[in-house]
C-alpha cells in the first residue's frame, strides 16, 4: 500500500519528507519500547510509536525503517524532524490510539514481521 | 593483516540526544563501500546497542571501528563502573538502567543479547570500577 493511502486511513499529518508519499509499505511494527524494536522487529519499513525522543529516529535509521507514525496525538520535536530530514525518514502523526491505528492498518492489509515470542 | 579503514569515535557521556551518531557514521561508511544491506543492518544494530550502553552505563566512552577485507571489527569501550556479573547482565530482561532511560524506551535488558545475536563473534570484558570493553566481529562474506 502506498504511504499516501496510509496517511489518509490514519488521517495523519505529515512532518517530514512530504515528497515520499509514494513509498510502498507492506509491513509495520508498533511499540513504545525501542529496545524491543531493535530485538524483535524484522524487515518492517514502518514504525508506529507513542514515544517522543531523538532515539526513535536513530532506531528507525538502524532498523532501515523509512516511516515513523506517532500515535495518540504525539508530535515530533523540531530536533527530531531535523534529524529525520537528514536521514530521509518520513514522520507522520495521528490522533488515533496505538491499538486503533494498528487495527486500521492491519484491516487494510498491512502485516507485522518479527520474531514470535517463545 | 592490517585494516583497510580504521576510525575512532567519541561517545559523549550523558548526551542521550547524540547517542547513535558513531553508529550512524559507520552505517554511512558501509553504505558508501557497497557492503551488503543485511550486513549493514546487523552491524548497525550491534554497534548502536553497544554505543547506547556506553552512554547509559559507562559515562560515555569510545568506539574503534576497523574494516578488513573479510570482516568488520568494532570495539566499544568505557571507563565506567563496570559490570559485576556478566552472566546475569547477558540474560534477556535483566537491566540496571535507571527509570529515566526506561522512559526513553530503552533499558529493557535486551541490549547485550541483541549484540551477540547480530555478531559473528562477541566478547565482553568488564572490571568493576575500571570499565567495560565490548568486541564485535561481523564477517563480510
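Chains as they are written, first to last, in UniProt numbering: chain E, 1 to 118; chain C, 1 to 141. Using N, Cα and C, we set each Cβ at its ideal position, and we do this for glycine too.
{"Item": "Inter-residue CB distance, residue 55/E and residue 106/C (contact presumed, cutoff 8 Å)", "Value": "7 Å"}
{"Item": "Segment limits, beta strand (DSSP E) that includes residue 123/C", "Value": "121-127"}
{"Item": "Straight-line gap, residue 25/E to residue 70/E (C-alpha atoms, nearest Å)", "Value": "16 Å"}
{"Item": "Any 3 or more C-beta pairs closer than 8 Å across the stretch 7-24 of chain E and the stretch 92-104 of chain E", "Value": "yes"}
{"Item": "Residue 138/C to residue 6/E span [Cα, whole Å]", "Value": "37 Å"}
{"Item": "Residue environment, residue 84/C, which counts as buried when at least 16 other CB atoms sit within 10 Å", "Value": "exposed"}
{"Item": "Option in 56/C, 33/C, 51/C, 47/C with minimal Cα separation from residue 73/C", "Value": "47/C"}
{"Item": "Exposed unless 16 or more other CB atoms sit within 10 angstroms - verdict on residue 101/C", "Value": "buried"}
{"Item": "Residue 64/E: contacting residues in chain C (beta-carbon distance under 7 Å)", "Value": "41"}
{"Item": "The stretch 111-119 of chain C touching the stretch 48-55 of chain C, judged by at least three CB pairs closer than 8 Å", "Value": "yes"}
{"Item": "Any C-beta of chain C under 8 Å from that of residue 97/E", "Value": "no"}
{"Item": "Check whether residue 54/C and residue 78/C have beta carbons under 8 Å apart", "Value": "yes"}
{"Item": "Helix, strand or coil at residue 46/E according to DSSP, with G and I counted as helix", "Value": "strand"}
{"Item": "Simplified DSSP assignment, three categories, for residue 132/C", "Value": "strand"}
{"Item": "Buried or exposed by the 16-neighbour rule on C-beta atoms within 10 Å, applied to residue 14/C", "Value": "exposed"}
{"Item": "Of the listed residues 37/C, 64/C, 94/C, nearest to residue 9/C (C-alpha basis)", "Value": "64/C"}
{"Item": "Candidates 110/C, 22/C, 127/C, 128/C: closest to residue 36/E by CA position", "Value": "110/C"}
{"Item": "Residue closest to residue 3/E, alpha-carbon to alpha-carbon, out of 64/E, 45/E, 41/E", "Value": "45/E"}
{"Item": "Residue from 40/C, 59/C, 92/C, 99/C with nearest C-alpha to residue 71/C", "Value": "40/C"}
{"Item": "Members of the stretch 80-104 of chain E near chain C, C-beta cut-off 7 Å", "Value": "none"}
{"Item": "Residue 56/E: first and last residue of the uninterrupted alpha helix (DSSP H) it sits in", "Value": "54-62"}
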